[in-house]
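Encoded as structure tokens, the structure appears first; notes follow it.
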Amino acid sequence: MHEALLLEEPPVVIEAALPPADAPPRRFRRVRGLLWRSIRGLGSAIGWVFGMVSLILGLSILAALPILQFLSMGYLLESSARVARSGRLRDGVIGVRLAGRVGGTAVGVVASLIPLWLAGLYAGSAAIIDPGGSVERTWRIIRAVVWALTCLHLLAAFARGGRIRHFLWPFGNPLWVYRRLREGGLYAASRDGFWSFVGRLRLPHYFRLGLIGFLGTLAWLVLPSALLASTSRFPLLGIVGAISLAFVAPRLPFLQVRYAVEGRTSALFSFRAVRQGFGRAPWAFAFALAVLLLASVPLYLLKIEMIPREAAWLPSLVFVIFLGPAHLLVGWAYARSRRRDQPRHWFFRILGRLAIVVVALFYVLVVFISQYTSWGGLWSVYEQHAFLLPVPFLTM
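In structure tokens form, the structure reads like this:
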């Protein structure tokens with residue numbers, strides 16, 4: 000009897016320990032949630048990287064275009080101003096997601112134009128092989144049909160929001176347009192969405208910031224640059240220009256940041272405020288200035304040989320990659336000076352001034368030599384890459 004009871008007890012215990020058949024294990028749910036969060040995080044990271052690449056390429060292209068160059072310069076000034084207000088370098092990276100949206104739209108438009116490009120290619124080949132024949136007429140009709148379908152597809156994709164998936168997957172666009180036409184308000188919604196997105200780009204703000212910053216900086220640089228460019232004919236004036244540029248150059252980046260932070264044009268001419276800021280953070284000022292001036296040297300090296308006009312944006316890419324982070328460091332140094340009320344010890348101020356003098360003299364030497372090594376000649380003296388328009392070839 001005792002043995003029979005022992006044989007009957009284990010099935011009861013095992014049956015009680017079994018979970019319901021329709022309830023998934025808790026560990027499986029945790030793993031599934033972790034996997035889903037990892038996929039979403041990876042997608043967000045890929046989107047951020049794509050936005051960063053789009054931002055760099057966009058600034059490089061703008062830097063190579065006349066007038067639109069002020070947008071690129073204004074963006075750099077706004078980036079340094081945001082770092083100066085918060086003291087965090089990451090705050091200077093502005094609009095990465097918006098740039099990714101614009102870059103995705105550009106990629107989608109290019110991908111949507113591939114069928115039209117192929118149809119035009121075949122139509123051109125048919126015109127060469129069989130001019131006036133049936134094959135040419137057929138491909139001309141095909142090209143016209145593809146052109147009409149491409150236009151409708153692009154309009155529908157932009158109406159949906161202009162995301163990259165709307166361009167790469169065209170089959171959902173007709174159904175979406177049909178539903179919105181039945182509901183009504185398609186034009187108003189698309190128009191409001193477009194202007195809302197354009198407003199988020201803040202193009203007038205960046206243009207105004209870049210234009211005024213350029214004019215104020217040029218007012219400081221035009222006389223020293225002109226004197227330095229006259230060295231061959233008037234050596235004494237060249238020496239005066241070199242000394243003037245060595246005096247002005249270390250202060251200009253911080254005057255630009257001060258203007259971007261306060262929004263007042265008079266801030267571009269407040270030498271006293273910059274001198275007081277240097278006293279509160281001398282080493283930070285010296286380090287940021289050294290990085291900024293040294294980062295402009297590769298652009299002078301690129302000017303040794305003439306770059307084709309079609310590739311003018313490639314040196315601008317070098318500008319954005321090198322001088323973009325340098326402007327963030329200038330904002331960081333300015334932020335450190337704002338957090339302190341009293342100047343640092345005189346010993347640290349003297350060391351900072353010595354470092355600034357060395358870097359400034361080296362920069363003046365590079366600018367002076369560039370008029371003999373650059374294909375642009377004397378114009379290279381006026382192309383102050385560290386301070387003026389973010390483009391290495393103003394004469395293109």
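Counting from 0, one number per residue, gives the positions in the sequence shown under numbering that gives the first Met the number 0.
The beta carbon of each residue, even a glycine, is placed where N, CA and C say it ideally should be.
Top-ranked residue by Cα proximity to residue i, from the options
i: TRP168; options: GLU382, TYR362, THR149, PRO252; result: THR149
i: ILE45; options: LEU322, LEU34, VAL95, LEU388; result: VAL95
i: ALA63; options: SER315, VAL239, GLY351; result: SER315
i: TRP312; options: SER78, ILE60, LEU34; result: ILE60
i: TRP219; options: GLN383, GLY50, MET51; result: GLN383
i: PHE284; options: VAL260, ASP340, ARG348; result: ARG348
i: ARG257; options: ALA188, TYR333, THR230, LEU112; result: TYR333
i: LEU291; options: ILE306, LEU322, LEU115; result: LEU322
i: PHE213; options: VAL134, ARG31, LEU75, SER373; result: LEU75
i: TYR362; options: HIS344, LEU288, ARG139, VAL134; result: LEU288
i: LEU328; options: VAL82, LEU70, GLY73; result: VAL82
i: PRO307; options: ARG139, TRP374, ALA155; result: TRP374
i: ARG339; options: GLY351, GLY278, LEU235; result: GLY278
i: LEU208; options: ALA266, ARG232, LEU153; result: ALA266
i: VAL221; options: ALA248, PRO203, PRO234, TYR205; result: ALA248
i: ARG201; options: LEU97, ARG87, ARG84, LEU41; result: LEU97
i: ILE66; options: TYR205, SER133, SER78; result: TYR205
i: PHE270; options: ALA80, GLY215, TYR299, SER295; result: GLY215
Alpha-carbon spacing of residue i relative to residue j, whole angstroms
i: ALA147; j: GLY99; result: 28 Å
i: LYS302; j: LEU56; result: 20 Å
i: ALA195; j: ARG89; result: According to the sequence provided, residue 195 is Ser. The question's Ala does not apply to it. Spanning the two alpha carbons is a distance of roughly 25 Å.
i: GLN370; j: VAL380; result: 6 Å
i: ARG445; j: ARG39; result: Shown here, the chain extends from 0 to 395; a query on residue 445 therefore has no answer.
i: TRP157; j: PRO297; result: The sequence given here places Phe at residue 157; Trp does not occur at that position. Answer to the nearest angstrom: the Cα atoms are 40 Å apart.
i: LEU180; j: LEU174; result: 10 Å
i: VAL101; j: TRP116; result: 22 Å
i: LEU377; j: ALA228; result: 6 Å
i: LEU387; j: ALA325; result: 14 Å
i: ALA385; j: LEU217; result: 12 Å
i: LEU235; j: PHE367; result: 14 Å
i: LEU151; j: ILE93; result: 34 Å
i: SER336; j: LEU254; result: 13 Å
i: VAL239; j: PRO223; result: 8 Å
i: VAL358; j: HIS344; result: 22 Å
Exposure of residue i, with buried meaning 16 or more beta-carbon neighbours within 10 Å
i: PHE318; result: buried
i: GLN275; result: exposed
i: THR104; result: buried
i: PHE170; result: exposed
i: TYR186; result: exposed
i: ILE355; result: buried
i: MET72; result: buried
i: GLY91; result: buried
i: PRO130; result: exposed
i: PHE392; result: Confidence at PHE392 is low in this model, with a pLDDT of 43, below 50, so its placement is unreliable and the value that follows should be read with caution. So PHE392 ends up on the buried side.
i: HIS165; result: buried
i: VAL109; result: exposed
Heavy atom of the ligand ZN within 7 Å of residue i beta-carbon
i: LEU322; result: You won't find the ligand ZN in this model; it holds no ligand whatsoever.
Test: residue i CB closer than 8 Å to a CB of chain B
i: TYR362; result: No chain B appears in this structure, which consists of one protein chain only.
Can you list the alpha helix (DSSP H) stretches of 4 or more residues lying completely in the segment 220-285, in chain order? 234-247, 251-261, 270-279
Would you mind listing the alpha helix (DSSP H) stretches within the segment 60-114 that are 4+ residues and don't spill past its ends, in chain order? Correct list: 68-85, 95-111.
Start-end ranges of the alpha helix (DSSP H) lying completely within the segment 109-184, minimum 4 residues: The alpha helix (DSSP H) runs of length 4 or more contained entirely in the segment 109-184 are, from start to end of the chain, 113-128, 133-159, 163-167, 171-182.
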